[in-house]
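Protein sequences, first through last, are from chains A and B.
Note that the first sequence covers residues 1 to 265 in UniProt numbering.
Note that the second sequence covers residues 1 to 290 in UniProt numbering.
Ideal Cβ placement from N, Cα and C applies to all residues, glycine included.
Nothing here was measured: the structure is a model prediction, and the numbers come from that model.
What follows is a single structure, written as structure tokens, with notes after it.
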Amino acid sequence: MMDKMIFGRYVPADSAIHKMDPRAKLMLVFLFVCTIFLANNVVTYGLVAIFTIGLIILSKIPPRFLYNGLKPVFLLIVFTFLLHILFTKEGEVIFEFGILNIYEGGLKQGAFISLRFTFLILVTSLLTLTTTPISITDGMEELLNPFKKWKLPIHELALMMSISLRFIPTLMEETDKIMKAQAARGVDFTSGPLKDRVKSIVPLLVPLFVSSFKRAEELATAMESRGYRGGEGRTKYRQLSWNTRDNLLMAALVVLAVLLFLLRS
Amino acid sequence: MRITLEDVEYRYSVNTPFEHLALHDVNMTIEPGTYTAVIGHTGSGKSTLLQHLNVLLRPTKGRVIIGERTIRAQKKKEKNLKSIRQKVGIVFQFPEHQLFEETVEKDICFGPMNFGVPEAKAKELARIALKQVGLEQEILKKSPFDLSGGQMRRVAIAGVIAMEPDVLVLDEPTAGLDPRGRKEIMDMFYQLHKDRGISTILVTHSMEDAARYADDIIIMHKGTVYQKGKPEEIFSKPDQLLELGLDVPDTVRFQLMLQREMGIRFARPSLSLEDLVADIKEAMERGNRL
Ligand SMILES: Nc1ncnc2c1ncn2[C@@H]1O[C@H](COP(=O)(O)OP(=O)(O)O)[C@@H](O)[C@H]1O
Ligand SMILES: [Mg+2]
Numbered sequence: 001m002m003d004k005m006i007f008g009r010y011v012p013a014d015s016a017i018h019k020m021d022p023r024a025k026l027m028l029v030f031l032f033v034c035t036i037f038l039a040n041n042v043v044t045y046g047l048v049a050i051f052t053i054g055l056i057i058l059s060k061i062p063p064r065f066l067y068n069g070l071k072p073v074f075l076l077i078v079f080t081f082l083l084h085i086l087f088t089k090e091g092e093v094i095f096e097f098g099i100l101n102i103y104e105g106g107l108k109q110g111a112f113i114s115l116r117f118t119f120l121i122l123v124t125s126l127l128t129l130t131t132t133p134i135s136i137t138d139g140m141e142e143l144l145n146p147f148k149k150w151k152l153p154i155h156e157l158a159l160m161m162s163i164s165l166r167f168i169p170t171l172m173e174e175t176d177k178i179m180k181a182q183a184a185r186g187v188d189f190t191s192g193p194l195k196d197r198v199k200s201i202v203p204l205l206v207p208l209f210v211s212s213f214k215r216a217e218e219l220a221t222a223m224e225s226r227g228y229r230g231g232e233g234r235t236k237y238r239q240l241s242w243n244t245r246d247n248l249l250m251a252a253l254v255v256l257a258v259l260l261f262l263l264r265s
Numbered sequence: 001m002r003i004t005l006e007d008v009e010y011r012y013s014v015n016t017p018f019e020h021l022a023l024h025d026v027n028m029t030i031e032p033g034t035y036t037a038v039i040g041h042t043g044s045g046k047s048t049l050l051q052h053l054n055v056l057l058r059p060t061k062g063r064v065i066i067g068e069r070t071i072r073a074q075k076k077k078e079k080n081l082k083s084i085r086q087k088v089g090i091v092f093q094f095p096e097h098q099l100f101e102e103t104v105e106k107d108i109c110f111g112p113m114n115f116g117v118p119e120a121k122a123k124e125l126a127r128i129a130l131k132q133v134g135l136e137q138e139i140l141k142k143s144p145f146d147l148s149g150g151q152m153r154r155v156a157i158a159g160v161i162a163m164e165p166d167v168l169v170l171d172e173p174t175a176g177l178d179p180r181g182r183k184e185i186m187d188m189f190y191q192l193h194k195d196r197g198i199s200t201i202l203v204t205h206s207m208e209d210a211a212r213y214a215d216d217i218i219i220m221h222k223g224t225v226y227q228k229g230k231p232e233e234i235f236s237k238p239d240q241l242l243e244l245g246l247d248v249p250d251t252v253r254f255q256l257m258l259q260r261e262m263g264i265r266f267a268r269p270s271l272s273l274e275d276l277v278a279d280i281k282e283a284m285e286r287g288n289r290l
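Next comes the structure, spelled out in structure tokens:
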């Protein structure tokens, strides 16, 4: 029932994006998120679109898969679009429909904001789709390393993150299994009155909590018995390496940023 | 209730990079009141197959006929699945994970009450089911989370039995139990099958259980039915089973050894210890000529 979800899922493939250094990918995404706010007209949005599509092609993730997985979010995007169309009253009226007036400004604003939202989601999804949770965490930890000087618990944060990311698919699988077990006992998760459907959350959530706590405890025991005692003096098995490929993609982003800066109105 | 599968195919995660063909060309009929064992390697599609029997999964091709209802592969939403789910109860692998109520009684009543049984009747069913799975009535008021693993398993099974299904589907119901608990639970299911005429479909890795209880055996291999037949037929070709990475019952293995080491030949595979004794005796008396 949940097999269309793509958040936090890694799709293995042999692509330039997959092979990038996770540090480069993280910086790229972060800078992209900042850069996209420079876009404010058709040309600049077009450039962002080209950049995003380029990344998708390089990543070899099937676009249809991206589309299917992001469907739930697209609903939100359409909703934002409609809100802007209905409530922004700038520029000329381009469409009249009874009491409903659609303004040029609203249309533009709505389109731009929905596009921005779409690009943000696509690029951040690409990060998790092409990078194993472990690499994301490694990259994050390396990038944040300087902050250890100020006694920030970087290693612990990274560990927390990698554990959560690691267990998202497990939790999904578990949810699916328990939903099926309760459906077999007559729970209807997909139809029926709203009241019943809200009630049907309980037989799902209780077992999920129970098993999550149990799993957390087992994980803690397993880590302790293997001698884990925090980041102090811990060496790394996986070494990160920053290549020409990473330089090139970072350069591409810088070019994009400069172009946006010059071409924005 | 008869369940028929016709050319059933099932794919997980259709239209994603994770698309996976889990079942294909599955044809079978489960006659009312029979006991069927499904054996096969891990990943051969046994659990996926079982979930078609009460429409937890719908085939991506072919159809499943459950009693009067025909479930097809079309997208259209099926209505009123509850009546099917009441008649076809499933005990999943590690069913204790589905417990959630404050008391054992409430948890066992959960299924029946979802199917519209009034509370008083549900409590009555709970008491009967609890007795059936061999637990004391005292634990009805306890929290299921205070019980031992084996007791939780039994409570979860009682929760399915209390639904009074016509067909009982069991997915490795004794995995992880101690030998004694395993035997008690398997005997209990067999008793239910005999007393109430419940059709039973058992997925198991235990060839002894398959040989002992089943009328029919279905071998699943790589997502499809590799072979089906009576236990005698299936276990009379032990080489084939071993080739598939499956096993034969201890008794059959013993026969094979006698055959190899002492040249004793048998007319049929022995499916239980009693049979084995009788068959050895018979072979000796026959003077080993077949
Ligand atoms: N929820 C799922 N999503 C994707 N693939 C699955 C899922 N469940 C099972 N599979 C795959 O389908 C195949 C059959 O699995 P399953 O029916 O569980 O086999 P068995 O019960 O015989 O071990 C396996 O290859 C398994 O990896
Ligand atoms: Mg299974």
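- Cβ-Cβ distances below 6 Å link residue 207 of chain B to 247, 248, 249 in the same chain, with the five nearest sequence neighbours on each side left out; the list follows chain order.
- At least one heavy atom of ligand 1 sits closer than 8 Å to the Cβ of residue 18 of chain B.
- When the five nearest sequence neighbours on each side are left out, the beta carbons in the same chain lying within less than 7 Å of the beta carbon of residue 204 of chain B are those of 37, 39, 172, 210, in order along the chain.
- Within the stretch 198-257 of chain B, complete beta strand (DSSP E) segments of at least 3 residues are found at 199-203, 216-221, 224-229, given in chain order.
- An exposed status is given to residue 20 of chain B, since fewer than 16 other beta-carbon atoms sit within 10 Å of its beta-carbon.
- With its beta carbon less than 9 Å from one in chain B, residue 206 of chain A belongs to the interface.
- Flagged as an interface residue toward chain A: residue 85 of chain B, by a C-beta distance shorter than 9 Å.
- DSSP assignment within the stretch 49-125 of chain B yields the following whole beta strand (DSSP E) runs of 3 residues or more, N-terminal first: 61-66, 69-72, 88-91.
- Counting along the chain, the unbroken beta strand (DSSP E) around residue 97 of chain A starts and ends at 93-97.
- Going by DSSP, residue 273 of chain B is part of the alpha helix (DSSP H) stretching over 273-286.
- In terms of side-chain proximity, the C-beta atom of residue 47 of chain B is found nearer than 8 Å to a non-hydrogen atom of ligand 2.
- Contacts with chain A at 9 Å (Cβ-Cβ) include residue 111 of chain B.
- For residue 14 of chain B against residue 64 of chain B, the beta-carbon gap comes to about 18 Å, at or over 8 Å, which does not count as contact.
- For a Cβ distance threshold of 7 Å, nothing in chain B lies close to residue 158 of chain A: the least Cβ distance comes to about 27 Å.
- Annotation for residue 141 of chain A: the continuous alpha helix (DSSP H) segment containing it runs 133-144.
- Chain-ordered, the chain A residues with CB closer than 9 Å to the CB of residue 97 of chain B read 174, 177, 178, 181, 207, 210, 211.
- If one requires a minimum length of 3 residues, the beta strand (DSSP E) runs lying completely within the stretch 5-33 of chain B are 20-30, in chain order.
- Along the stretch 42-60 of chain B, going in chain order, the ones with a CB nearer than 8 Å to a CB of chain A are 51, 54, 56.
- For residue 104 of chain B, the closest C-alpha among the options B:134, B:155, B:117 is that of B:155.
- The beta carbon of residue 45 of chain A lies closer than 7 Å to those of 39, 112, 115 in the same chain, with the five residues before and after it left out.
- Listed along the chain, the chain B residues whose CB falls inside 9 Å of the CB of residue 188 of chain A are 81, 82, 114.
- When Cβ pairs closer than 8 Å are counted between the two stretches, the stretch 23-35 of chain B is seen not to touch the stretch 75-86 of chain B, the count staying below three.
- Of all residues in the stretch 52-75 of chain A, only 61, 62, 64, 65, 68, 69 place a beta-carbon less than 9 Å from a beta-carbon of chain B.
- If you ignore the 5 residues before and after residue 19 of chain A, its C-beta comes within less than 7 Å of the C-beta of 245, all in its own chain and listed in chain order.
- Between residue 207 of chain A and residue 97 of chain B the beta-carbon gap is near 6 Å, inside 8 Å, which marks them as a contact.
- Taking 9 Å as the CB threshold, residue 118 of chain B stays off the interface with chain A.
- For residue 38 of chain B, the secondary structure class from DSSP, reduced to helix, strand or coil, is strand.
- For residue 44 of chain B, the Cβ falls inside the 8 Å cut-off from some heavy atom of ligand 1.
- For residue 90 of chain B, the neighbours in chain A by C-beta distance under 7 Å run, in chain order, 184.
- If you draw a straight line from the Cα of residue 170 of chain A to the Cα of residue 217 of chain A, it comes to about 15 Å.
- Of A:191, A:204, A:159, the smallest CA-CA separation from residue 177 of chain A is found for A:204.
- For residue 22 of chain A, the nearest beta carbon of chain B is not closer than 9 Å to its own beta carbon.
- Counting C-beta atoms within 10 angstroms of its own C-beta, residue 74 of chain B has fewer than 16 neighbours from the protein chains shown and is therefore classed as exposed.
- Annotation for residue 72 of chain B: 63 place their beta carbon closer than 6 Å to its own, counting only its chain and skipping 5 residues before and after.
- Residue side-chain check: residue 247 of chain B keeps its Cβ at 8 Å or more from all non-hydrogen atoms of ligand 1.
- Around residue 197 of chain A, the same chain offers no residue with a beta carbon nearer than 6 Å, after the five sequence neighbours per side are excluded.
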